[in-house]
Amino acid sequence: GGAGTARKVLVERDPAGLRGVILEATAKDRWKAWLGHGTKSWDAITGPAVARARWTHLVLVFDGAAATFYVDGAKAGSVFTPFRPNDRGDLGLGVGRSATGTPGFFFDGALDDVAIYAHALSAADVTAHFKAANR
56 GGAGTARKVL VERDPAGLRG VILEATAKDR WKAWLGHGTK SWDAITGPAV ARARWTHLVL
116 VFDGAAATFY VDGAKAGSVF TPFRPNDRGD LGLGVGRSAT GTPGFFFDGA LDDVAIYAHA
176 LSAADVTAHF KAANR
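The sequence shown begins at 56 in this note's numbering and counts up one residue at a time.
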C-alpha cells in the first residue's frame with residue numbers, strides 16, 4: 056500500500072479486537088500507535104508525518120500506566136491507558152493484513168532490528184538506541 060491507504064507495520068491484536076497494539080502509517084501519512092485495553096475503544100497516539108524513502112525508528116513504551124510513542128528518537132506523544140496486551144493472537148510484522156487478519160493494509164517497506172523488551176525503556180534508552188542505529 057502507498058499514500059492514501061493505512062499501512063500496518065505491527066499488528067498484535069486478540070481475535071475479539073479488544074486488546075493489543077497496532078503501529079501504522081495512516082492513510083494521511085502520519086505515524087500512529089493504537090493500544091487496546093479490553094473495550095471497543097482503543098487509545099491512540101498520532102506522530103509526525105511519514106518520511107518516505109528513508110529509515111524511520113519507531114518505539115512504543117508502556118510503563119504500566121502510560122504509553123509513550125517515539126519517532127526517530129523524539130517523543131511524539133503519550134497517553135495514560137489501561138492497556139492490556141494481547142495474549143490470544145499472533146504478532147504480525149509488516150505482514151500485509153488488517154488487524155482482524157484480512158489481507159490488505161500492506162506495509163511497503165523494510166523492517167530491521169525489531170526488539171521487544173520485558174521492561175519499559177526510558178527516554179534516554181530510546182535516544183541511545185536511535186543514535187546507535189544511525190551511526
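Every residue gets a Cβ at the ideal spot worked out from N, C-alpha and C, and that includes glycine.
Note that the coordinates shown come from a computational prediction; the quantities given were computed from them, not determined experimentally.
For residue 65, the number of other beta carbons within 10 angstroms of its own is at least 16, and it is reported as buried. Beta-bridge analysis with DSSP links residue 134 to 122.
Of the candidates 183, 117, 85 and 116, the residue whose Cα lies closest to the Cα of residue 103 is 85. Put simply, the segment 93-108 does not touch the segment 140-150. Fewer than three CB pairs are less than 8 angstroms apart. In the same chain as residue 61, and ignoring 5 residues on each side of it, the C-beta atoms closer than 6 angstroms to its own belong to 79, 81, 82 and 160, in chain order. Within the same chain, and ignoring the five residues on either side of residue 118 in sequence, the residues whose Cβ sits closer than 6 angstroms to its Cβ are 175. For residue 99, there is no enclosing alpha helix (DSSP H); the enclosing beta strand (DSSP E) covers residues 98-104.
Your pair residue 133 and residue 121 checks out as a contact, with CB atoms roughly 5 angstroms apart and the cut at 8 angstroms.
Straight through space, the alpha carbons of residue 149 and residue 179 are spaced by roughly 27 angstroms.
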